[in-house]
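To start, the structure under review is shown below, and the notes come after it.
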Amino acid sequence: MPEFKYRQAATLPVNPPPIVSIGLGGIVQDAHYPAYKSAGFKVVGGFDINRERAAKMRGDFGIPRICESLAEAVASAPGHAVFDVAVPGGAIVDILNALPQGRAVLVQKPMGEDLADAQRILKICRERNLIAAMNFQLRYAPFIIAARDMINQGLIGEIEDMEARVQVSTPWHLWPFVFALPRAEILYHSIHYVDLVRSFCGTPLGVYAKTMGHPSAPELRGGSRSMIILDYGENPRVNVMTNHNHIYGETKQESFIKFEGSKGAIQIRAGLNMNYPEGAPDRFEYILLDAGPAATWQTLEIRGSWFPEAFIGTMSSLMRYVSGEIPVLPNSVEDAIHTMATVEAAYESSKRGGTPIPAV
Ligand SMILES: NC(=O)c1ccc[n+]([C@@H]2O[C@H](COP(=O)([O-])OP(=O)(O)OC[C@H]3O[C@@H](n4cnc5c(N)ncnc54)[C@H](O)[C@@H]3O)[C@@H](O)[C@H]2O)c1
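All residue numbers for the sequence shown refer to numbering that gives the first Met the number 0, where the first residue is 0 and numbers rise by one.
Take a look at the structure:
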């Protein structure tokens, strides 16, 4: 029998406001719009600097109004619309500067190309009184909502160990803009796990990290393999290990997020990374030590996945905050700046290098 006893879905807003999209690229097609469709959110307008792309998206998703300029998209947006910005990190600042004071906006991660960019973004949001959230949606993947529900219920006890491990072959060509960037792997991929870890364990005390490219892909200057240790002192032990250059077939590919606690453990296979963007099946397994010697790993059936369901959560929480249904905006830019600061520390650590081996 399928077991649906843990919470798995984000709470939807009572009256979702309309959405106006800025940037209509791959992630909007693969995740934003399928999520909004299933949640019943209405997109009323869109703008992309690439007109052909915008026309294709209008055809595919029936967007009622495609705008010729950012100014037109802003001017034609209903007063209560939420802006949904999904552009490369370097384009965010100019777009936020064009939004009217006090409006609600959800911005695709990352929050700029580095911490300095993130601080500029935060400053603009503060100056313009924007109700601004970053789209760190992994927090809302159904398997994470379920894990959080179990952890909040105390079922696995205190978190003592958290790990994200990814060993896959990633099609970086899907993001041509990434090739020109000095920062790629941590800023565009591992950042999801860094943000996720923060949402469970808080901001770490420090970071030890090494990020590097791969001999087979020198054109990806910003790295495709990372080892990140998030330092929480004596407990918990947390690390994020990624290798996007595992070209040896599916058998040994891995993509999991694991929580070990004092009373149990949860291990989630995030299949999306394994055949991106179609994805392989997810798997949610857990063990509760309360069962004593009879404790065994169980499988929890999960409805939905990272793509697209997680994208319902980030948009829903912004809409619910705007309407006063929740008192705190979970993915606010004020919180996301700490994810960016942690990522910055990882790059600093990587640049600094390891402790030299003492001469003997
Ligand atoms: N899971 C995730 O959270 C996830 C996954 C993939 C991509 N992303 C993020 O989404 C963003 C976009 O990624 P993508 O995969 O859609 O890339 P993409 O290249 O497919 O699309 C980006 C789109 O933005 C448009 N654009 C660029 N500058 C613009 C501007 N100033 N105004 C309007 N449109 C503009 C481009 O023409 C393009 O259509 C990136 O920041 C990426 O990090 C997030």
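Just so it is clear, CB atoms sit at the ideal spot from N, CA and C, and this is done for glycine as well.
- By a beta-carbon distance limit of 8 Å, V239 does not contact Y187. Their separation comes to about 13 Å.
- Rounded to whole angstroms, the gap between the alpha carbons of V165 and N272 is 8 Å.
- By a beta-carbon distance limit of 8 Å, A145 contacts L299. Their separation comes to about 6 Å.
- Just so you know, the alpha carbons of A279 and E253 end up roughly 11 Å apart.
- Cβ contact annotation for E284 (same chain, cutoff 6 Å, sequence separation greater than five): Q266, W296, T298, in chain order.
- DSSP places G44 in the strand class (E or B) of the three-state scheme.
- Of the residues G89, I94, P99, the one whose Cα lies closest to the Cα of G111 is G89.
- By the criterion of a C-beta distance shorter than 8 Å, V86 is surrounded in its chain by I21, G22, G24, I94, Q107, once the five residues flanking it on both sides are discounted.
- For G45, same chain residues with a beta-carbon under 6 Å away, outside a window of 5 residues either side, are S20, L23, I62, I65 in chain order.
- Listed in chain order, the non-local C-beta contacts of D194 below 6 Å within the same chain comprise F135, T338, local neighbours out to five positions each way being set aside.
- Between ligand 1 and L69, a heavy atom-to-CB distance of less than 7 Å is present.
- DSSP, read as helix, strand or coil, puts D160 in strand.
- Sixteen is the threshold: since fewer than 16 other Cβ atoms of the shown chains lie within 10 Å of the Cβ of Y247, the residue is exposed.
- For R52, the shortest C-beta to heavy atom distance toward ligand 1 is below 7 Å.
- Beta-bridge annotation (DSSP): Q166 is paired with N242, E253.
- By the CB criterion at 8 Å, H243 and S215 fall outside the cutoff.
- For D334, the enclosing alpha helix (DSSP H) stretches over residues 332-351.
- Taking the Cβ of L229 as the reference point, every heavy atom of ligand 1 lies at 7 Å or farther away.
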